[in-house]
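In the UniProt record's numbering, the protein residues as written are 1 to 548.
Positions of the beta carbon are idealized from the N, C-alpha and C atoms, including for glycine.
Data first, discussion second: the structure below is written as structure tokens.
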């Protein structure tokens, strides 16, 4: 099964597994397909993280987060004349882009853990780039962005047309198809050297960007040990720094484990109050301590130590809300990211989150190659205490430096049941709301007994330390719960805007099924279905599960 943001991409992964590929092959196929059919976030011009769990229970991760170009400087977004941050420079245009890592990461995963030929794995994406029918939402989204695209000639040529796009029309991307063929035929050199690299560097030079040939040739994806934790006997396998997601997720789970979350009730005022305080403390630590482990000493083990987390919650008042000014660090990603989950017939599982950062990234398309570049430089700390595009305040550990990976909230995660079996593959887009969305989805399954589709669809809440407000989804909390939270001292914001879209797979074992004659006269017969995969595709988007 594959669950992703777009049906063609999900089916691409399934096609590869049907042809003999494993879950890693399917994840790579889905990733390249999303670069074609989900250009707002799917990409070869950005980066991401992959968590792999093998059938024997061992696990690894691949970090292909973007890096700062060698020409980047600590204060590159500070106006010398005023001393003020120029946030527009880190969010739009050529100077906003970090060195892309997606191609290196997908190819590294395939080379080390895939089993199907690369040509077979990439075939669906290339076919889709040659032409596929636009959905209504895709056509409307590109039309809505046409005004913002107008500042960039390459983007205008590749992603706009007179009169706009219509649902059902065939969208052809010949330059992107050619770029994908170069990757298929030349591997890594088909992107980081040669014609595609020349086109990317030429685009940088036209727009005053920093990425050069040396940056591209020097980029490396990194395999890292996963960060792991335990929640009510379930093993949590997630992404380590430079993602903050795994650390924060495990902190928040540890924070609420002493409480009977199920008995408190789904989205009751007591539950939301508890979750909000756990979120507040985890995001305060995120701001202070987390960054690229190759550049800073990141105290990962200390942060996920259960005793430390419980100590952080010792000040929790079950009646009254704390304030973020009083809860600091404890030790003395627009939202246009996308996630997909994969499980194969042998039980190998892959959880992948990949991103351009904002919607369509920097809005810059590489002329002649047909793909968007990221605006991930905004995920660095432009200046201590200054919020980024998601309102996140970050610390010195995440300051800009050449070759450095910017801190991320992506949280691709795999959960085992208490018997050590694969149980849940989960992740989400959504900037900082990624972490809290994955957190609540896991709680929904384990504590509230929801099936995976209920769990991903359920309304969510979010707190990220600063700004000091508890966000909740439009109409996501009952009125009496809202009043009770306000009486506890929470500042609330009912947000009807973008909320994370979780795509997950739940594995259920030996599920009992029963049938009987409608008359009730025949005896009930029961069957054991063995291992069953359930796909949870978030209804907030056009997300889709595909399997066989």
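How big is the Cα-Cα spacing for residue i and residue j?
| i | j | result |
| --- | --- | --- |
| residue 292 | residue 140 | 37 Å |
| residue 173 | residue 112 | 30 Å |
| residue 447 | residue 29 | 34 Å |
| residue 320 | residue 489 | 6 Å |
| residue 152 | residue 377 | 19 Å |
| residue 2 | residue 10 | 5 Å |
| residue 465 | residue 274 | 14 Å |
| residue 15 | residue 50 | 20 Å |
| residue 441 | residue 542 | 19 Å |
| residue 530 | residue 410 | 32 Å |
| residue 476 | residue 360 | 28 Å |
| residue 313 | residue 136 | 46 Å |
| residue 26 | residue 281 | 37 Å |
| residue 380 | residue 404 | 9 Å |
| residue 245 | residue 286 | 9 Å |
| residue 463 | residue 372 | 31 Å |
| residue 209 | residue 72 | 10 Å |
| residue 267 | residue 308 | 26 Å |
| residue 243 | residue 255 | 20 Å |
| residue 498 | residue 318 | 30 Å |
| residue 201 | residue 214 | 10 Å |
| residue 83 | residue 94 | 22 Å |
| residue 433 | residue 124 | 31 Å |
Which of the three DSSP states, helix, strand or coil, is assigned to residue i?
| i | result |
| --- | --- |
| residue 213 | helix |
| residue 184 | helix |
| residue 58 | coil |
| residue 448 | coil |
| residue 488 | helix |
| residue 73 | coil |
| residue 252 | helix |
| residue 318 | coil |
| residue 174 | helix |
| residue 67 | strand |
| residue 462 | strand |
| residue 531 | strand |
| residue 232 | coil |
| residue 325 | coil |
| residue 10 | helix |
| residue 40 | coil |
Bridge partners of residue i, per DSSP?
| i | result |
| --- | --- |
| residue 238 | 227 |
| residue 357 | 336 |
| residue 545 | 3 |
| residue 50 | 62 and 352 |
| residue 536 | 504 |
| residue 372 | 365 |
| residue 422 | 416 |
| residue 78 | 85 |
| residue 405 | 67 |
| residue 341 | 3 and 351 |
| residue 399 | 381 |
| residue 133 | 170 |
Could you spell out where the alpha helix (DSSP H) holding residue i opens and where it closes?
| i | result |
| --- | --- |
| residue 494 | Careful: residue 494 lies outside any alpha helix (DSSP H), inside the beta strand (DSSP E) at 492-495. |
| residue 111 | 102-113 |
| residue 308 | 306-312 |
| residue 275 | 269-289 |
| residue 471 | No alpha helix (DSSP H) contains residue 471, which is instead part of the beta strand (DSSP E) from 470-473. |
| residue 156 | 153-159 |
| residue 588 | A question about residue 588 goes unanswered here, because the residues of the chain that appear run from 1 up to 548. |
| residue 192 | 189-192 |
| residue 142 | 136-144 |
| residue 120 | 118-129 |
| residue 301 | 300-303 |
| residue 263 | 261-264 |
Considering just the uninterrupted stretch of the beta strand (DSSP E) at residue i, what are its terminal residues?
| i | result |
| --- | --- |
| residue 505 | 503-509 |
| residue 91 | Residue 91 -> not in any beta strand (DSSP E); alpha helix (DSSP H) instead, spanning 87-91. |
I believe residue i touches residue j by the beta-carbon criterion, under 8 Å. Please report the beta-carbon distance rounded to the nearest angstrom.
| i | j | result |
| --- | --- | --- |
| residue 19 | residue 107 | Contact doesn't hold; Cβ gap of about 19 Å is too wide. |
| residue 129 | residue 356 | Not quite, the Cβ-Cβ distance comes to about 17 Å (not below 8 Å), so this is no contact. |
| residue 85 | residue 248 | Incorrect: roughly 25 Å between the Cβ atoms, too far for contact. |
| residue 46 | residue 100 | 6 Å |
| residue 351 | residue 412 | 4 Å |
| residue 400 | residue 68 | 6 Å |
| residue 148 | residue 349 | Contact doesn't hold; Cβ gap of about 37 Å is too wide. |
| residue 102 | residue 354 | 6 Å |
| residue 220 | residue 104 | 7 Å |
| residue 269 | residue 481 | 5 Å |
| residue 229 | residue 304 | 6 Å |
| residue 8 | residue 114 | Actually they are not in contact, since the Cβ atoms of residue 8 and residue 114 sit about 20 Å apart, beyond 8 Å. |
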